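Position 101 (the sequence shown) corresponds to 94 in my numbering; numbering is contiguous.
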Amino acid sequence: MNPTERALWFVESHLSEAITLDEVAEKSGVSRFYVTRAFGAAAGRSVMGYMRARRLTEAARKLAAGAPDILSIALDAGYNSHEAFTRAFRGQFDTTPELVRAQGNLKNLDLVEPILMDQSFLATLEPPRFETSRPFLIAGLGERYNCGTSAAIPMQWQRFGPYIGNIPGETGDIAYGVRINGDDAGNFDYIAGVEVSDFCDLPKELSRVRVPAQRYAVFAHRDHISTIRRTVNTIWNRWLPTSGHEIADAPEFERYGPEFDPRSGDGGLEIWIPVKG
-6 MNPTERALWF
4 VESHLSEAIT
14 LDEVAEKSGV
24 SRFYVTRAFG
34 AAAGRSVMGY
44 MRARRLTEAA
54 RKLAAGAPDI
64 LSIALDAGYN
74 SHEAFTRAFR
84 GQFDTTPELV
94 RAQGNLKNLD
104 LVEPILMDQS
114 FLATLEPPRF
124 ETSRPFLIAG
134 LGERYNCGTS
144 AAIPMQWQRF
154 GPYIGNIPGE
164 TGDIAYGVRI
174 NGDDAGNFDY
184 IAGVEVSDFC
194 DLPKELSRVR
204 VPAQRYAVFA
214 HRDHISTIRR
224 TVNTIWNRWL
234 PTSGHEIADA
244 PEFERYGPEF
254 DPRSGDGGLE
264 IWIPVKG
């Protein structure tokens, strides 16, 4: 099994237990950062977010079946009070535990079922090349995302479009999608930007990223931009676990050359993954 499959197995077999991200990472054979990134690439949500959603889904099932003690259901779902459970329950289902129990059904609830990994989702991956990047500066529009909200990245690029060619100190004809500041919950900052010679005179709304000299594994994504998640999933859940390489603490980015057509999404791009050594 790949890291995401091992994480899924562990979470599903320990839903009623107070497991931590450290335990999930240990059982997956990778670091906290790695399992968070790989799980997000494959499942579209964070590991712990998935576990919470699955626990609340099973709690909703018990309530709809007439469970008499809501506090017991809350404790089984990992909440130490009725109030905390109700807040989380309302946040996921937009209703209360009491109402679900009274109605006795699961209609209109956004239930999260166990994920079944589909190996056909993984792309056929070209072997990467390895490059050591020079240090360079990126300026662009930044947004904070999680696995569930990252579908809005294309709109971010649309907002950034008018800036291209009009940023002080802009160099070259390459655009970058830089991913930084990832956390255990699957949140990350994404900067749609271009290279600049310095950070002087930049509009205040633009984010700034320093990309250090770093060794990268560089993967070609030649298909339409809409299928990029397949390539990212394959990198993190097939190539990296068997490659013998370790992830380095450095920005990860997409590199869009002049051959990429932002209007059609065709032309291909490169995915740069920082590795040690």
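All C-beta atoms in this analysis are idealised placements derived from N, C-alpha and C, irrespective of residue type, glycine included.
Being a predicted model, the structure only gives us computed values, none of them experimental.
In this structure, the beta-carbon distance from residue 246 to residue 188 does not fall below 7 Å. Residue 0 and residue 54 have their C-alpha atoms roughly 23 Å apart. DSSP places residue 185 in the uninterrupted beta strand (DSSP E) bounded by 181 to 189. In the structure shown, the three-state DSSP call for residue 18 is helix. Under the 8 Å Cβ criterion, the segment 151 to 166 counts as touching the segment 175 to 189, having at least three qualifying pairs. By the criterion of at least three beta-carbon pairs nearer than 8 Å, the segment 19 to 31 is in contact with the segment 216 to 236.
In this structure, DSSP gives residue 200 an extended state, which the three-state scheme calls strand.
The C-alpha of residue 45 lies about 15 Å from the C-alpha of residue 74. Setting aside the 5 residues that flank it on each side, residue 78 is surrounded in the same chain by 67 and 72, each with a C-beta closer than 6 Å to its C-beta; the list follows chain order.
In terms of CA proximity to residue 241, 267 leads the group 267, 17 and 119. By the C-beta criterion, the segment 256 to 266 is judged to be in contact with the segment 215 to 223, since at least 3 inter-stretch pairs fall below 8 Å. Between the alpha carbons of residue 27 and residue 178 lies a distance of about 12 Å. The three-state reading of DSSP puts residue 58 in coil, since its state is none of H, G, I, E or B.
Pairing residue 6 with residue 69 gives a Cβ-Cβ distance that is not under 7 Å. In the same chain as residue 234, and ignoring 5 residues on each side of it, the C-beta atoms closer than 7 Å to its own belong to -5 and -4, in chain order. Per DSSP, residue 194 lies in no alpha helix (DSSP H) and is assigned neither H nor E. Bounds of the beta strand (DSSP E) holding residue 212 are 207 to 214. Excluding the 5 residues flanking it on each side, residue 152 has same chain C-beta neighbours closer than 7 Å at 134, in chain order. Less than 7 Å separates the beta-carbon of residue 204 from that of residue 244. Residue 49 is not a Cβ neighbour of residue 3, given a cutoff of 7 Å.
In the three-state DSSP reduction, residue 117 falls in the coil class, being neither helix nor strand.
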